[in-house]
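The opening position of the sequence shown corresponds to residue 6 in my numbering, with each subsequent residue numbered one higher.
Glycine included, every Cβ here is placed at the ideal spot set by N, Cα and C.
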Amino acid sequence: MTDQQAYKLTDIGVNLSDSVFEKDRQQVIENAFKAGVERLIITGTTEQESEQAVELCTQQLSTLYCTAGVHPHYSSQFTSSTRSMLSALSQSKHVIAIGETGLDFNRNFSTPEQQVFAFEQQLEIAAETSLPLFLHERDAHKKQTEMLTHFRDHLQGGVAHCFTGTREELYNYLDLDLYIGITGWICDERRGSELFNLLPDIPADRLLLETDAPYLLPRSMRPKPKSRRNLPQYLPYILEQAALSRAIDPYQLADQCENNCERLFSLKAAS
């Protein structure tokens with residue numbers, strides 16, 4: 006990472022309510038700010054963690070935002086009371102998107118039928134609240150795009166979080182007016198080379214950056230951290246790798262991604 010003046014960045018996907026941050030959460034936040042990551046968007050993955058995310062935001066008003074949703078892995082837990090709770094949470098000024106929601110037919114921790122039901126419920130909440138979507142998808146692209154297309158006229162866009170798909174899948178999401186979230190996957194010389202080469206195909210006004218911490222530690226980091234835990238303070242490594250792929254100055258890319266973030270999530274209006 007450069008030793009120059011820090012970039013100004015927003016990490017659009019941090020699992021800050023995860024138990025791995027229990028002992029040093031405040032320090033993790035402060036270290037992110039010192040690295041130029043001035044805003045963190047906490048990912049809501051269950052009803053409980055969405056509530057926790059909102060609570061964390063209330064403790065640090067000007068720097069934290071969050072999403073509210075149920076990850077497809079936990080779709081079996083989605084009930085009418087879950088929908089009511091998410092609808093209520095969505096009214097908080099800290100909640101700027103509905104999710105993490107979508108479909109994951111890879112491991113099927115919840116059945117495909119349960120996932121489709123939970124996703125549809127959250128699509129309806131997004132339509133009702135005019136909030137964008139924070140989307141997860143794995144091995145379910147066809148069904149997910151079908152459902153998004155059905156709701157498209159009622160949605161305020163969204164982001165394909167942690168995108169690792171093909172060129173065809175990328176263009177399908179772009180055709181649905183979605184933004185594309187890029188993680189440390191592009192820093193992985195084993196698995197991320199295809200995505201690294203695909204990055205220039207993402208329009209400049211649709212690109213967003215995220216760590217998905219504590220997951221997906223950037224493998225290009227030198228020296229390598231002793232811990233395998235990813236942190237939001239490492240977002241500049243992802244920025245610089247993305248800038249390298251696009252042959253652009255990282256400061257220019259940082260400014261573009263910030264503009265994109267503010268546009269999609271209406272952050273200036275929310276602050």
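| message | Per the DSSP calculation, Thr-216 is bridged to which residue(s)? | response | Beta-bridge analysis with DSSP links Thr-216 to no other residue.
| said: DSSP has Asp-109 in a bridge; who is on the other side? | reply: Residue pairing from DSSP places Asp-109 in a beta bridge opposite Arg-143.
| said: As a quick exercise: from Ile-185, Arg-195, Asp-217, pick the residue whose alpha carbon is nearest that of Ile-207. | reply: Of Ile-185, Arg-195, Asp-217, the residue nearest in Cα terms is Ile-185.
| field | Per-residue DSSP class, three states only, for Arg-233 | value | Residue state for Arg-233 is assigned as coil, using DSSP reduced to three classes.
| request: Taking 8 Å as the threshold, find out whether the region 151-165 comes into contact with the region 173-193 through three or more Cβ pairs. | output: Segments in contact, yes.
| said: With the cut-off set at 8 Å, would you say Pro-219 and Asp-23 are in Cβ contact? | reply: Yes, Cβ-Cβ distance for Pro-219 and Asp-23 is below 8 Å.
| query | Which of helix, strand or coil does DSSP assign to Val-25? | reply | Note: Val-25 maps to helix in three-state DSSP.
| With contact counted as at least three CB pairs below 8 Å, one residue from each stretch, are the region 69-77 and the region 30-50 in contact? | As far as the Cβ criterion goes, the region 69-77 touches the region 30-50, which means the pair count is three or higher.
| field | Cβ neighbour criterion (16 or more within 10 Å) applied to Asp-193 | value | Asp-193 sits buried, since 16 or more C-beta atoms from the chains shown fall within 10 Å of its C-beta.
| Using DSSP with H/G/I as helix, E/B as strand and the rest coil, what is Cys-262? | Annotated three-state conformation of Cys-262 is helix, per DSSP.
| request: Buried or exposed for Arg-196, please, with buried defined as at least 16 other CB atoms from any protein chain shown within 10 angstroms of its CB. | output: The Cβ neighbour count for Arg-196, taken over all protein chains shown within 10 Å, is under 16; the residue is labelled exposed.
| request: With a floor of 4 residues, list each alpha helix (DSSP H) that falls wholly inside the region 156-187, ordered by position along the chain. | output: Runs of the alpha helix (DSSP H) inside the region 156-187: 172-180.
| Where Ala-11 and Pro-117 are concerned, what is the direct C-alpha to C-alpha distance, given to the nearest angstrom? | In this structure, the straight-line span from the alpha carbon of Ala-11 to that of Pro-117 is close to 44 Å.
| task | Would you check if the distance between the CB atom of Leu-258 and the CB atom of Ala-247 is smaller than 8 Å? | result | Contact flag set, yes.
| message | Using the Cβ count rule (16 or more neighbours within 10 Å means buried), how would you classify Pro-77? | response | Burial call: buried.
| task | Just mark Ala-123 as buried or exposed, buried being the case when its beta carbon has 16 or more other beta carbons within 10 Å. | result | Buried: at least 16 other Cβ atoms inside 10 Å.
| said: Please return the same chain residues whose Cβ sits closer than 6 Å to the Cβ of Arg-211, not counting the five positions on each side in sequence. | reply: Counting only Cβ-Cβ distances below 6 Å, and skipping sequence neighbours, we find Tyr-184, Ile-185.
| Within the present structure, is the beta-carbon of Lys-39 separated from the nearest heavy atom of the ligand COA by less than 7 Å? | Of ligands this structure carries none, so the ligand COA is not represented either.
| message | For a test of the three-state rule: what should DSSP assign to Gln-82, helix, strand or coil? | response | Looking at Gln-82 - three-state DSSP - the assignment turns out to be helix.
| So what does Cys-1 bridge to, in DSSP terms? | Residue 1 cannot be examined here, being either before or after the span of the chain that is shown, 6 to 276.
| field | Residue from Gly-41, Ala-102, Leu-200, Gly-107 with nearest C-alpha to Phe-168 | value | In terms of CA proximity to Phe-168, Leu-200 leads the group Gly-41, Ala-102, Leu-200, Gly-107.
| Would you call Glu-173 buried or exposed, if buried means 16 or more other Cβ atoms sit within 10 Å of its Cβ? | By the neighbour-count rule (16 or more Cβ atoms within 10 Å), Glu-173 is not buried but exposed.
| Opposing strand residues paired with Asp-4 [DSSP bridges] | Outside the shown range of the chain (6 to 276) lies residue 4, about which nothing can therefore be said.
| request: Check the C-beta distance from Leu-236 over to Asn-111 and give it rounded, since I have them as a contact under 8 Å. | output: About 26 Å separates the beta carbon of Leu-236 from that of Asn-111, a gap too long to meet the 8 Å contact definition.
| In the DSSP assignment, what residue or residues form a beta bridge with Leu-138? | Paired residue(s): Ile-103, Gly-163.
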